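Structure first, then comments.
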Amino acid sequence: MSAGASRTGRSLLLLAPLLLFLVGFFVWPLISMMSQAVSDPAVLRLLPRSAAVLADWDRASPPTMPMQAALIEDLKAVDDDQALGDMVRRLNSARSGFRTLMAKTTSALADTANPPADLVSIDQRWERPEFWLAIADALSPYTDRNLLAAVDLGRNAAGSIEHLPADQSVNRVILVRTFWIAALVTFACACIGFPYAIIAASLTGWKRDLMLGAVLLPLWTSLLVRTAAWFILLQEQGLINDLLRWLRIIDAPLPLIFNRTGVIIAMTHVLLPFMVLPIYSVLITIPKNLMPAAASLGAPPWRAFLRVLLPLSLRGVASGSLLVFISAIGYYITPALIGGPGDQMISSIIAFYATGSANWGMAGALGVVLLVATLLLYSVYARLSADEPGRR
Amino acid sequence: MPMKLARTAFAALTILFLVAPLIAILPLAFTSSVILTYPVPSWSLRWFEELFTADAWRRAIVNSLIIGTGTTLLATVLGTAASLGLRNRLLFFRGSMRTLFLLPMVVPAVVLGVGMQVLLAGFGLTNSYAGVIIAHTVVAVPFVVVSVTGALAGIDERVELAAQSLGAPPATVFRRVTLPLAMPGVLSGAVLAFATSLDEVVLTLFVAGPNQRTLARQMFSSIRENISPAIAAAAFLFIAATVVIGLIVVLSRSMLAKRR
Numbered sequence: 001m002s003a004g005a006s007r008t009g010r011s012l013l014l015l016a017p018l019l020l021f022l023v024g025f026f027v028w029p030l031i032s033m034m035s036q037a038v039s040d041p042a043v044l045r046l047l048p049r050s051a052a053v054l055a056d057w058d059r060a061s062p063p064t065m066p067m068q069a070a071l072i073e074d075l076k077a078v079d080d081d082q083a084l085g086d087m088v089r090r091l092n093s094a095r096s097g098f099r100t101l102m103a104k105t106t107s108a109l110a111d112t113a114n115p116p117a118d119l120v121s122i123d124q125r126w127e128r129p130e131f132w133l134a135i136a137d138a139l140s141p142y143t144d145r146n147l148l149a150a151v152d153l154g155r156n157a158a159g160s161i162e163h164l165p166a167d168q169s170v171n172r173v174i175l176v177r178t179f180w181i182a183a184l185v186t187f188a189c190a191c192i193g194f195p196y197a198i199i200a201a202s203l204t205g206w207k208r209d210l211m212l213g214a215v216l217l218p219l220w221t222s223l224l225v226r227t228a229a230w231f232i233l234l235q236e237q238g239l240i241n242d243l244l245r246w247l248r249i250i251d252a253p254l255p256l257i258f259n260r261t262g263v264i265i266a267m268t269h270v271l272l273p274f275m276v277l278p279i280y281s282v283l284i285t286i287p288k289n290l291m292p293a294a295a296s297l298g299a300p301p302w303r304a305f306l307r308v309l310l311p312l313s314l315r316g317v318a319s320g321s322l323l324v325f326i327s328a329i330g331y332y333i334t335p336a337l338i339g340g341p342g343d344q345m346i347s348s349i350i351a352f353y354a355t356g357s358a359n360w361g362m363a364g365a366l367g368v369v370l371l372v373a374t375l376l377l378y379s380v381y382a383r384l385s386a387d388e389p390g391r392r
Numbered sequence: 001m002p003m004k005l006a007r008t009a010f011a012a013l014t015i016l017f018l019v020a021p022l023i024a025i026l027p028l029a030f031t032s033s034v035i036l037t038y039p040v041p042s043w044s045l046r047w048f049e050e051l052f053t054a055d056a057w058r059r060a061i062v063n064s065l066i067i068g069t070g071t072t073l074l075a076t077v078l079g080t081a082a083s084l085g086l087r088n089r090l091l092f093f094r095g096s097m098r099t100l101f102l103l104p105m106v107v108p109a110v111v112l113g114v115g116m117q118v119l120l121a122g123f124g125l126t127n128s129y130a131g132v133i134i135a136h137t138v139v140a141v142p143f144v145v146v147s148v149t150g151a152l153a154g155i156d157e158r159v160e161l162a163a164q165s166l167g168a169p170p171a172t173v174f175r176r177v178t179l180p181l182a183m184p185g186v187l188s189g190a191v192l193a194f195a196t197s198l199d200e201v202v203l204t205l206f207v208a209g210p211n212q213r214t215l216a217r218q219m220f221s222s223i224r225e226n227i228s229p230a231i232a233a234a235a236f237l238f239i240a241a242t243v244v245i246g247l248i249v250v251l252s253r254s255m256l257a258k259r260r
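Residue numbers (UniProt numbering), protein chains in the order written: chain F, 1 to 392; chain L, 1 to 260.
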């Protein structure tokens with residue numbers, strides 16, 4: 001018993017470093033990304049006194065004097081212009097008109113020679129509860145605004161969820177495009193990879209080694225090198241266009257780069273091994289005499305394929321397709337280098353929000369969408385590969 | 001017969017599709033021209049010279065070696081220790097822990113990159129070698145775990161029990177029996193970790209500063225900004241390194257197999 005306990009202790013001691021490392025530098029980053037998506041401290045950080053007073057407000061009656069006094073105190077205490085800008089942007093997105101109202105109010109408050117008695121004397125709009133309601137709603141440190149915006153939804157003035165107007169609906173286009181490109185690549189990989197795996201599994205000796213080696217070589221080569229290779233090959237003056245012109249198949253160079261065609265070709269090349277290998281590993285477990293048996297019972301080759309080989313290998317095709325699809329939806333490098341502006345996938349948009357415009361809320365929200373989609377598909381994949389008959 | 005011909009043609013075309021792009025860019029590394037096209041006017045080593053003398057490229061190569069070495073050491077130590085821990089079948093949550101260890105392979109790099117940048121900024125680790133090595137280790141460690149657990153699963157436990165019954169203390173059993181038997185797995189895990197670090201672009205974009213530009217990062221931005229045959233030369237280096245590393249793995253495996 002004590003030997004078992006000490007063995008468990010030793011195992012835990014061995015596991016602890018990696019466990020702590022991954023919790024600290026893998027799980028925690030993902031959690032902080034998610035919290036970026038829902039955190040919304042821009043208003044609360046600057047208006048702590050108003051937050052205390054507004055908590056007692058009935059959200060309908062005209063603003064009371066303590067409310068106005070608290071907001072004046074808060075606004076006078078602001079010394080960070082950038083934070084003020086963030087807050088005004090946040091409030092303006094909830095209620096248009098806040099930008100001008102705030103500009104007028106802060107400049108009036110800055111005039112220390114004749115201090116205004118209250119906010120209403122600066123601008124009549126401060127009498128209306130809608131503006132106070134916008135502040136009260138924005139005071140919560142959490143928001144679902146980014147998550148909703150990631151799928152082109154928003155809240156209207158009444159607080160119910162509705163579709164954003166068409167001119168603001170960019171994310172759904174990107175999401176649909178991401179899944180569409182991933183589906184096309186998966187389809188292309190299946191069309192090439194399935195027959196390829198069948199041929200490889202039916203061969204023996206050096207021919208099989210050659211076919212498998214041709215799959216493993218790109219897998220071992222750097223992704224960046226493969227993308228660079230396609231970048232060079234697909235150019236207008238690249239090898240493919242030169243070859244096609246030399247063969248007199250085309251007269252003018254085909255546009256192959258910075259468009260969808262190039263992205264699909266390059267991604268299919270990069271991801272094809274992930275389709276071939278799972279299918280191959282299923283096919284080699286199928287007994288070799290099944291197809292001749294079907295033939296001897298009178299089935300023509302196509303029928304033997306449909307009724308015997310296809311059902312038996314479907315699990316491999318499914319795992320391969322999931323693997324390709326999961327990898328494809330997260331792709332960044334290949335679309336960024338080979339694609340045009342109309343071929344950018346969700347990863348590029350996340351990177352743009354994060355590094356280009358420092359909009360961490362939107363980057364986090366789209367990251368959550370991508371992460372959830374990936375993990376859902378992966379759990380299906382994991383179940384599929386755990387059901388392998390050999391492992392049972 | 002035409003069926004067989006079609007099969008052969010399909011297989012040959014697919015092999016061409018898979019392998020030809022990698023071979024086609026190799027000669028361009030030796031072009032004397034400033035543009036990346038065929039036919040190559042004449043051969044020269046000027047782009048390799050550029051790679052090793054131009055400041056940006058030389059620093060990128062050095063950075064890749066520093067970060068790759070750090071990542072390999074950290075990932076191999078953490079991954080090997082954890083794989084040894086995972087051998088204990090009595091452990092609670094063994095399956096979930098294994099899943100957690102493999103998950104960094106699945107999570108999209110951009111998602112991890114955004115979180116990593118937020119987190120490392122909090123620690124003041126952005127624009128530092130430590131930050132980049134940590135980020136690379138997260139994505140490299142699954143390869144070590146897969147490779148080492150695979151090697152450990154192939155060890156006949158009776159060998160270890162025999163050593164134990166002959167009076168060897170646990171540390172000696174580990175040093176003289178378990179570790180040598182698992183060594184091929186540890187080595188290929190380390191190689192895969194190095195290769196992962198060498199090839200990693202997306203996390204590097206998020207966490208590295210201008211002083212930690214790696215070779216892959218430098219290639220990425222030069223493809224984007226000013227494409228030149230230096231990229232083909234860098235790709236040549238990558239492919240050559242892959243072949244050399246692959247040979248090392250194969251040779252060390254066959255040497256270990258002979259020793260047994």
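Just so you know, even glycine gets a beta-carbon here, dropped at the ideal spot from N, CA and C. It should be emphasised that the depicted structure is a prediction, and the values quoted were computed from it without experimental measurement.
Between D199 (chain L) and L223 (chain F), the gap from beta carbon to beta carbon is short of 7 Å.
If you compare the alpha carbons of F:D251, F:D81, F:L84 and F:A51 with that of A69 (chain F), the shortest gap goes to F:A51. Closest in alpha carbon position to I284 (chain F), among F:F274, F:S61, F:C191 and F:A197, is F:A197. Rounded to whole angstroms, L297 (chain F) and L309 (chain F) show a C-alpha spacing of 15 Å. With respect to T71 (chain L), A140 (chain L) sits close: the two C-beta atoms are nearer than 7 Å.
Listed in chain order, the alpha helix (DSSP H) runs fully inside the segment 153-241 of chain F are 171-202, 205-220 and 223-234, counting runs of at least 4 residues. Across the structure, V111 (chain L) and I181 (chain F) are spaced so that their CA atoms are roughly 19 Å apart. By the beta-carbon neighbour count (other beta carbons within 10 angstroms, threshold 16), W230 (chain F) is buried.
Within the segment 122-160 of chain L, the complete alpha helix (DSSP H) runs of at least 4 residues fall at 129-153. Between the segment 143-152 of chain L and the segment 201-209 of chain L there are fewer than three inter-stretch CB-CB distances shorter than 8 Å, so the stretches are not counted as touching.
The beta-carbon of P2 (chain L) is placed no less than 7 Å from the nearest beta-carbon of chain F.
A check of alpha carbon separations from R172 (chain F) across F:L47, F:T8, F:M345 and F:I161 identifies F:M345 as the nearest.
Chain F places a beta carbon closer than 7 Å to that of Y38 (chain L), counting this residue as a contact. Within a 10 Å sphere around the beta-carbon of R303 (chain F) sit fewer than 16 other beta-carbons, which makes this residue exposed.
The three-state secondary structure of W302 (chain F), taken from DSSP, is helix.
Shown here for A295 (chain F): same chain residues with a beta carbon closer than 8 Å to its own, the five before and five after excluded, namely P301 and A304 in chain order. G95 (chain L) has a beta carbon lying at 7 Å or more from every beta carbon in chain F. In the structure shown, W246 (chain F) falls within a helical segment according to DSSP collapsed to helix, strand and coil. Put simply, of L:A109, L:L120 and L:L65 the residue whose alpha carbon is nearest the alpha carbon of F25 (chain F) is L:L120. Counting C-beta pairs closer than 8 Å gives three or more between the segment 359-376 of chain F and the segment 25-40 of chain F, which meets the contact rule. Near chain L, meaning a CB-to-CB distance below 8 Å, no residue of the segment 281-298 of chain F qualifies.
Non-local C-beta neighbours of M87 (chain F) in its own chain, meaning closer than 6 Å and more than five positions away in sequence, comprise A42, V43 and L46, ordered along the chain. In the same chain as I174 (chain F), and ignoring 5 residues on each side of it, the C-beta atoms closer than 6 Å to its own belong to I346 and I349, in chain order. Burial check for H136 (chain L): the Cβ neighbour count within 10 Å reaches 16 or more, so the residue is buried. Within chain L, the C-beta atoms nearer than 7 Å to that of D242 (chain F) come from Y38, in chain order. Flagged as an interface residue toward chain F: N88 (chain L), by a C-beta distance shorter than 7 Å. Bridge pairing for Y142 (chain F): F:S39 [DSSP]. Under the three-state reduction of DSSP output, W360 (chain F) falls in the helix class. Contact between G367 (chain F) and V114 (chain L) holds: their C-beta atoms lie close to 5 Å from each other, under 8 Å.
Interface annotation, M33 (chain F): in contact with chain L, CB-CB separation under 7 Å.
Around the beta carbon of T80 (chain L), 16 or more other beta carbons lie within 10 angstroms, which makes this residue buried.
In the DSSP assignment, W132 (chain F) is bridged to no other residue. Each of F:L256, F:G213 and F:R208 was checked against the Cα of G238 (chain F), and the nearest Cα belongs to F:L256. For the segment 205-223 of chain F, the set of residues with a beta-carbon nearer than 8 Å to any beta-carbon of chain L comprises L210, M211, A214, V215, L217, P218, W220, T221, S222 and L223, in chain order.
Within chain F, the residues I199 have their CB atoms less than 7 Å from the CB of R7 (chain L), given in chain order.
The segment 232-251 of chain L makes no contact with the segment 95-109 of chain L, as fewer than three CB pairs between them are under 8 Å.
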